[in-house]
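Visitor:
2 protein chains.
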Amino acid sequence: MSEPTVPVLIAGQWRPSHSVGTFQAENPSLGTPLPDLYPISSRAEVIEALEAGSEAAEALRTTPGTAIADFLETFAEGIEDRCDALVELAQMETGLPQSPRLRDVELPRTTDQLRQAAQAARNGSWRRSIRDETRKIYSILAPLGGPVVVMGPNNFPFAFNSVAGGDFAAAIAAHNPVIAKGNPGHPGTTRLLTEIAYDSVQAVALHPSAIQLLYRVPRNVGLELVSHPLVGATGFTGSRQAGLQLKAAADQAGKPIYLEMSSVNPVVLLNGALSERGEAIAEEFFSSCTLGAGQFCTSPGIVIVPDTAEGQHFVDESSLRFTNAEPGVLLGHDGLDALVGRVATLVQYGAKVLCGGEPAPGPAYRFANTLLCVSGDDFLKHPHELQTEVFGPVALLILAQDTTQIVVIIKHLEGNLTGTIYSDTAGKDDEIYAMIEPHLRQRVGRLLNDKMPTGVAVSPAMNHGGPYPATGHPGFTAVGIPTSIQRFTALHSYDNVRPDRLPVALRP
Amino acid sequence: MSEPTVPVLIAGQWRPSHSVGTFQAENPSLGTPLPDLYPISSRAEVIEALEAGSEAAEALRTTPGTAIADFLETFAEGIEDRCDALVELAQMETGLPQSPRLRDVELPRTTDQLRQAAQAARNGSWRRSIRDETRKIYSILAPLGGPVVVMGPNNFPFAFNSVAGGDFAAAIAAHNPVIAKGNPGHPGTTRLLTEIAYDSVQAVALHPSAIQLLYRVPRNVGLELVSHPLVGATGFTGSRQAGLQLKAAADQAGKPIYLEMSSVNPVVLLNGALSERGEAIAEEFFSSCTLGAGQFCTSPGIVIVPDTAEGQHFVDESSLRFTNAEPGVLLGHDGLDALVGRVATLVQYGAKVLCGGEPAPGPAYRFANTLLCVSGDDFLKHPHELQTEVFGPVALLILAQDTTQIVVIIKHLEGNLTGTIYSDTAGKDDEIYAMIEPHLRQRVGRLLNDKMPTGVAVSPAMNHGGPYPATGHPGFTAVGIPTSIQRFTALHSYDNVRPDRLPVALRP
């Protein structure tokens with residue numbers, strides 16, 4: 415009776431799902447559902463994937479790093495070969511512009527990341543081998559012994575995709591199989607990427623369960639998945655609410671889970687910088703905050719501005735830009751609903767709308783570019799609520815009385831992915847910089863100067879991470895190879911083990 | 415009215431505690447309480463320590479690594495200067511032999527570890543600096559921004575002491591202040607170590623709250639301590655029950671906690687090895703299992719023996735040795751009570767007592783050297799219960815039918831610190847080794863060949879860690895410098911930050 419759904423990939427087979435429900439993606443530019451029916455997988459199907467993944471984990475442990483690298487490179491080439499189809503599909507499902515965003519920025523970033531991961535798999539840079547010849551003790555980072563569950567976010571259909579993005583690349587580079595739980599916002603893109611990935615798995619003869627794909631699972635099954643005895647670890651990028659539920663389940667079972675959850679990315683503008691180049695900073699801020707309709711985990715959501723003439727001028731210049739620009743298309747109607755609710759939260763706790771503040775006329779899902787404003791005193795009355803992350807082209811400006819108040823505000827900030835300070839180039843702001851930097855530094859993963867935080871370079875020195883609740887642990891990054899690979903490894907020590915029994919990477 | 419208690423060290427002051435109760439240590443060799451009254455600190459006192467520690471964290475962040483190193487080395491010298499007093503006190507509180515154990519093994523290990531940490535603090539080897547000059551992005555490991563709580567175990571009054579042991583050394587080396595929560599089993603030793611440590615803090619003019627000492631806290635206050643917003647992280651070594659309670663509290667607050675909880679350290683004896691050198695292995699096993707009255711986290715608690723003539727001979731030889739040796743003194747009466755209960759659990763689930771099995775006559779707290787035995791079939795009926803850790807001179811021998819059953823048994827093992835395989839030197843066991851190693855490898859932190867696991871060398875390649883529930887995360891080690899230091903760090907990235915504002919360790 416039920417209509418056929420798109421197949422899942424389990425244990426090396428594209429096959430009909432034993433689904434407990436279905437869902438459809440939508441075209442956010444048109445506000446209409448897309449035709450394909452995707453399955454919501456049953457618990458039995460998830461357990462099957464875990465068992466197959468567990469077998470693959472055993473096999474991949476001894477798969478040569480060169481084979482892993484070949485897979486990642488073949489996959490990157492395959493993505494390039496299917497570039498047009500991927501970009502079209504992703505644009506339809508996410509509303510993100512084909513060019514430059516999807517075709518010229520995100521897709522090359524994705525293949526670059528896969529190739530960097532391939533290089534790490536080939537040269538073993540992620541393994542951190544240590545040889546203590548005197549004591550005959552050797553150590554190495556090793557795969558986890560179980561499949562890694564990757565749950566990707568809605569905002570990067572390629573670069574953070576559960577089957578092609580940073581977590582995927584890092585998990586596979588460390589010889590872990592991946593069970594991808596696609597983001598329901600772009601299931602077609604995820605399916606096509608999985609087809610390309612699975613063709614590459616076959617081309618280089620990796621274990622057939624090295625990658626598996628589910629599109630969606632019921633909430634309680636998701637909690638069981640991340641805490642199951644057979645799972646190696648989980649990489650999750652998404653909302654704080656979902657992330658904390660998964661974290662609680664995984665923590666209780668003693669299963670590693672790496673979460674990239676939420677961040678308001680505070681930006682502190684010092685008066686000298688505003689006096690020197692206030693309009694240029696307003697332009698940078700506007701561009702950064704509205705890029706991708708503000709749907710970046712590193713979008714500047716809170717800007718601390720001195721309550722001075724220069725600060726006021728910055729506010730005016732920013733408002734002008736936010737008001738005059740056409741808002742971008744949002745990823746889906748859920749995001750639009752959340753935006754409306756969260757802006758209302760900010761207003762409820764004392765923020766005033768300077769511009770925007772409501773949805774833009776349809777049919778596309780859009781929300782007007784929005785600036786809100788609050789005094790430092792009022793912010794400090796409700797610092798928790800006023801740090802509500804608003805995932806869209808929205809920022810809260812905090813007008814601070816003086817340096818002391820800036821420090822107090824920073825001390826009330828939660829853990830964030832990034833923190834930014836703009837200061838003048840003549841040294842007038844240096845003293846204030848030195849006063850605030852120590853407080854901002856320990857609350858963020860990446861500290862920036864004179865540059866908006868939106869861009870996250872795939873650099874070995876990148877930290878796309880930060881203190882809780884931006885992530886679950888301040889010591890790990892989700893971007894930057896080989897460091898990001900470390901998340902999906904176990905430390906293995908060998909004590910007095912005979913040389914010919916050591917893993918290849920540890921032999922003399 | 416109340417008698418004076420031993421002072422606590424808070425915010426640079428040795429002062430009377432605002433205690434909510436008192437406790438006394440005991441002399442386990444005599445079975446009698448020791449005279450000093452130690453305070454159980456109040457919540458208010460704990461919060462005060464956190465606030466002082468938080469200030470110290472701010473200061474230590476910019477303290478030069480050389481000053482941290484000077485402190486650690488001065489402390490190590492101070493320990494050597496007070497060696498006699500320390501050894502006497504520790505012997506009285508723990509019943510461990512003065513020589514060779516405390517004086518010749520554990521104390522030198524402790525000072526060696528402090529000096530290795532000093533070297534890491536001086537040369538910055540723990541920082542893992544990465545410089546991406548092209549993109550002007552730099553990264554470094556940094557202190558956590560809050561004090562590290564160290565809760566040490568009862569079984570190593572020096573080497574794992576909350577104020578001198580591995581967690582302490584690692585936390586301080588990464589410029590974190592420490593709030594030591596002493597183990598109630600040896601509060602006098604901890605107090606004396608803290609006196610020496612605090613003299614060293616003053617000698618090199620570290621921040622006065624760089625180290626603080628509490629002897630004990632109520633259970634709920636302990637849970638608040640590890641989850642408090644001001645805390646950086648926690649290092650805990652102790653029982654699984656206490657560890658899991660602390661873990662739940664810290665996890666919920668998003669605070670890192672590193673736990674070393676429990677381990678039965680499975681040893682697999684292959685038939686060729688027993689045929690070749692069965693009696694020698696029985697001797698090694700006996701020595702390892704009764705060392706320190708078996709109160710080692712790496713004591714061999716489960717031995718998988720082939721059910722063959724050679725296996726039976728090993729069982730007989732081991733029983734002989736266990737029976738004929740005088741049992742050592744246990745650390746305290748709590749440990750003795752737990753031993754009685756846990757041996758009863760093993761018997762309840764099908765294990766048979768081969769020798770020992772009950773407390774030895776007093777006044778000292780002792781438990782007879784004990785071997786229990788179960789068939790592979792019976793083990794597999796209650797694999798969870800029969801992995802109950804028995805902290806004492808006790809091991810469970812599992813008589814396995816064949817290689818297939820060995821593999822099945824190993825697949826039922828929980829995460830452990832160590833796993834050991836003994837095989838013959840002529841290659842007869844090699845095939846079986848290859849079959850079982852992959853399964854054992856992924857369940858342990860350190861894999862050994864032909865050597866009992868008790869010794870934990872302070873080697874950079876050591877892993878004193880392992881999969882849950884041996885610890886809370888398979889990627890970290892509690893022993894081995896500089897790797898162990900990584901636990902108490904946050905990853906800090908600097909993006910476009912002006913060169914003169916980078917931390918010293920990152921400047922060109």
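Chains as they are written, first to last, in the numbering used here: chain A, 415 to 922; chain B, 415 to 922.
Each residue gets a CB set at the ideal place from its N, CA and C atoms; glycine is no exception.
The structure presented is a predicted model; accordingly, all values stated were derived computationally and were not measured.
Looking at the structure shown, is L916 of chain A part of a helix, part of a strand, or coil, going by DSSP?
Guide: Reduced to three states, the DSSP call for L916 of chain A is coil.
Visitor: A848 of chain B: buried (16+ other C-beta within 10 angstroms of its C-beta) or exposed?
Guide: Result: exposed.
Visitor: Anything in chain A within Cβ reach of V911 of chain B, meaning under 8 Å, just list it in chain order.
Guide: L861, L862, N863, listed in chain order.
Visitor: What do you reckon, are the CB atoms on L745 of chain B and N575 of chain B nearer than 7 Å?
Guide: No, Cβ-Cβ distance for L745 of chain B and N575 of chain B is not below 7 Å.
Visitor: Is DSSP giving S433 of chain B helix, strand or coil here?
Guide: Strand at S433 of chain B.
Visitor: Compile a chain-ordered list of the residues in the stretch 468-496 of chain A whose CB is closer than 9 Å to at least one CB of chain B.
Guide: Answer in chain order: A471, E472, R475, T476.
Visitor: How should P449 of chain B be labelled, buried or exposed, when 16 other C-beta atoms within 10 angstroms of its C-beta is the threshold for buried?
Guide: Answer is exposed; the Cβ neighbour count stays below 16.
Visitor: Less than 7 Å between the C-beta atoms of A439 of chain A and P601 of chain A, yes or no?
Guide: Yes, Cβ-Cβ distance for A439 of chain A and P601 of chain A is below 7 Å.
Visitor: So with Cβ pairs under 7 Å, would you call S677 of chain A a contact of chain B?
Guide: Cβ-Cβ to chain B under 7 Å: no for S677 of chain A.
Visitor: CB-CB under 6 Å to N877 of chain B, same chain, minus the five flanking residues each way: which ones, in chain order?
Guide: For N877 of chain B, where only same-chain residues beyond five positions count, the Cβ hits under 6 Å are G859, R860, T891.
Visitor: Please report whether the beta-carbon of A534 of chain A lies at a distance below 7 Å from any beta-carbon of chain B.
Guide: No, no contact with chain B.
Visitor: Can you grab the Cα-Cα spacing for the pair Q505 of chain A / Q512 of chain A, in whole Å?
Guide: Approximately 6 Å, taken between the alpha carbons.
Visitor: Do you know offhand how far S677 of chain B's Cα is from V564 of chain B's?
Guide: If I take the Cα positions, the gap works out to 20 Å.
Visitor: Taking DSSP's pairing of strands, which residues face N441 of chain B in a bridge?
Guide: The partner list for N441 of chain B (beta bridge, DSSP) reads B:T446.
Visitor: Among A:N830, A:Y629, A:V808, which one has its Cα closest to the Cα of Y882 of chain A?
Guide: The shortest C-alpha separation from Y882 of chain A is found at A:N830.
Visitor: Along the chain, where does the beta strand (DSSP E) containing L905 of chain B start, and where does it finish?
Guide: Taken as a continuous stretch (DSSP letters only), the beta strand (DSSP E) holding L905 of chain B covers 904-909.
Visitor: Please state the DSSP three-state secondary structure of N943 of chain B.
Guide: Here chain B comprises residues numbered 415 to 922, so residue 943 of chain B is not present and cannot be evaluated.
Visitor: Does H432 of chain A have its Cβ less than 7 Å from a Cβ in chain B?
Guide: H432 of chain A does not count as touching chain B.
Visitor: Hey, is G559 of chain B close to the ligand GDP, as in C-beta under 6 Å from one of its heavy atoms?
Guide: With respect to the ligand GDP, the structure shown offers nothing to examine, as it has no ligands at all.
Visitor: With a threshold of 7 Å between beta-carbons, can P874 of chain B be considered close to chain A, or not?
Guide: Closer than 7 Å to some Cβ of chain A, the Cβ of P874 of chain B qualifies, so yes.
Visitor: Grab the span of the alpha helix (DSSP H) containing I811 of chain A for me, first residue to last.
Guide: For clarity, residue 811 of chain A is Leu in the given sequence; the question names Ile instead. No alpha helix (DSSP H) contains L811 of chain A, which is instead part of the beta strand (DSSP E) from 808-814.
Visitor: Is the separation between the beta-carbon of F728 of chain B and that of G771 of chain B shorter than 7 Å?
Guide: The answer is no: Cβ separation not under 7 Å.
Visitor: Quickly, what does DSSP pair D613 of chain B with across the bridge? List them, please.
Guide: D613 of chain B pairs with nothing; no bridge assigned.
Visitor: Excluding sequence positions up to five away, which residues of its chain have a Cβ less than 8 Å from the Cβ of R496 of chain B?
Guide: Once the five neighbours on either side are set aside, the close Cβ partners of R496 of chain B are L606, I610.
Visitor: For I824 of chain A, tell me which candidate among A:L753, A:I716, A:D665, A:P867 has the shortest Cα-Cα distance.
Guide: Of A:L753, A:I716, A:D665, A:P867, the residue nearest in Cα terms is A:I716.
Visitor: Would M866 of chain A and S733 of chain A qualify as a contact pair, given that the criterion is a beta-carbon distance under 7 Å?
Guide: No, the Cβ-Cβ distance between M866 of chain A and S733 of chain A is not below 7 Å.
Visitor: Per DSSP, what are the beta-bridge partners of L785 of chain A in this structure?
Guide: For L785 of chain A, which the question treats as bridged, DSSP gives the partners A:C769, A:A809.
Visitor: Examine chain B for any beta-carbon lying closer than 7 Å to the beta-carbon of G668 of chain A, and answer yes or no.
Guide: Judged by the 7 Å Cβ criterion, G668 of chain A is in contact with chain B.
Visitor: Hey, could you find the ends of the alpha helix (DSSP H) D546 of chain B is sitting in?
Guide: Segment 544-546 is the beta strand (DSSP E) holding D546 of chain B; no alpha helix (DSSP H) there.
Visitor: Relative to the C-alpha of L673 of chain B, which residue among B:V682, B:P680, B:A663 is closest?
Guide: Of the listed residues, the one whose Cα sits closest to L673 of chain B is B:A663.
Visitor: Quick one: which chain B residues come within Cβ less than 7 Å of D665 of chain A?
Guide: Residues of chain B passing the Cβ test: D665.
Visitor: In chain order, what residues of the same chain have a beta carbon less than 7 Å from the beta carbon of L503 of chain A, not counting five sequence neighbours either side?
Guide: Only G602, T603, L606 meet the Cβ criterion.
Visitor: Which partner residues of P714 of chain B appear in the DSSP bridge assignment?
Guide: DSSP output for P714 of chain B lists no bridge partner at all.
Visitor: What does I424 of chain B pair with, by DSSP beta-bridge criteria?
Guide: Per DSSP, B:Q427.
Visitor: List the residues of chain B that R545 of chain A touches, going by C-beta distances under 7 Å, in chain order.
Guide: Ordered by position in chain B, the residues that pass the 7 Å Cβ test against R545 of chain A are A875.
Visitor: Mind checking M415 of chain B: buried by the 16 CB within 10 Å criterion, or exposed?
Guide: Bear in mind that a pLDDT of 41 at M415 of chain B, under 50, signals an unreliable position, so the number given afterwards is only what the model happens to contain. Exposed, since its Cβ has fewer than 16 Cβ neighbours within 10 Å.
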